[in-house]
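If you read the protein sequences in the order shown, they are chains A and B. Residue numbering for the first sequence follows the working numbering, beginning at 3 and increasing consecutively. Residue numbering for the second sequence follows the working numbering, beginning at 94 and increasing consecutively.
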Amino acid sequence: EPEVTQTPSHQVTQMGQEVILRCVPISNHLYFYWYRQILGQKVEFLVSFYNNEISEKSEIFDDQFSVERPDGSNFTLKIRSTKLEDSAMYFCASTLGQGRTGELFFGEGSRLTVL
Amino acid sequence: AQSVTQLGSHVSVSEGALVLLRCNYSSSVPPYLFWYVQYPNQGLQLLLKYTSAATLVKGINGFEAEFKKSETSFHLTKPSAHMSDAAEYFCAVSGDNAGNMLTFGGGTRLMVKP
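Below you can see the structure in the form of structure tokens.
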């Protein structure tokens, strides 16, 4: 069964360092997302991406964050200068079509720890 | 704006007992509602969804949920818990535009005792 894959599964970094989290969405999907979950808190929407551009983003997704689809398969989330509060589990998701009823397929998550 | 409240961050049941996980929502538009499950060290997996068809929705692994507009609820139930049901369960509501942005509840960790 097709699945969304994420790497790394866990990354530890120093505050101020740049981090890139990688995702390979399901191959025929067209819409891509990043969500995050700070330990003990809700899963929160960060950004959605379609046709090589951001379609929606939340207040969390400030100038320190960027997303890219550098080739036909990868979808990346970059955090330019990490802060302690960026420590969280980051989930990538993809879906075939747009619309409020569509099922999002999630990866297993990348745990980011900022020291 | 959308919001989701899940009552009870932890629920413990005995194997074979009824599972009831509560979810209440707030939505500025007719809601589309989802339950996702997260097993240890895995991603979020869709259990079931309500998209304005039947109010009683059946999902995978014997779970079902009933949409009650008057109560703004979408509680998840399973008649008989199995040890393999131990996981974290998330209720979510879809955004008020065409995108698939989901607003999640805080999650409920289900523990099943033998």
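Quick reminder that beta carbons are idealized off the backbone N, C-alpha and C, glycines included.
Q: Mind checking the region 43-67 of chain A against chain C and listing, in chain order, the residues whose C-beta falls within less than 7 Å of any C-beta there?
A: In the structure shown, chain C cannot be found, because the protein chains are A and B.
Q. When the Cα of A:S89 is compared with those of A:Q39, A:E20, A:G74, which residue comes out closest?
A. A:Q39
**Q.** Distance, B:S163 Cα to A:S11 Cα
**A.** 42 Å
(Q) Assess contact between the region 21-40 of chain A and the region 98-109 of chain B, defined as three or more Cβ pairs (one per stretch) separated by less than 8 Å. Is contact present? (A) The region 21-40 of chain A and the region 98-109 of chain B do not touch, with fewer than 3 CB-CB distances between them shorter than 8 Å.
Q: Could you tell me how far apart the beta carbons of A:L48 and A:F63 are, in whole angstroms, since I believe they sit closer than 8 Å?
A: 5 Å
Q | Pick from A:F77, A:E110, A:T15, A:T84 that is closest to A:E55, judged by C-alpha positions | A | Closest by alpha carbon: A:F77.
Q: Would you mind reading off the limits of the beta strand (DSSP E) that contains B:L139?
A: 137-143
Q. Mind pulling the chain B residues with CB within less than 7 Å of A:F34?
A. For A:F34, there are no C-beta contacts with chain B under 7 Å, since the nearest C-beta of that chain is about 10 Å from it.
Q: Run the proximity test for A:Y52: is its beta-carbon closer than 7 Å to any non-hydrogen atom belonging to the ligand GTP?
A: Absent from the structure shown: the ligand GTP. Ligands present: none.
Q) Which residue's Cα is closest to the Cα of A:M91: A:W36, A:S112, A:E20, A:F51? A) Here the closest residue by C-alpha is A:S112.
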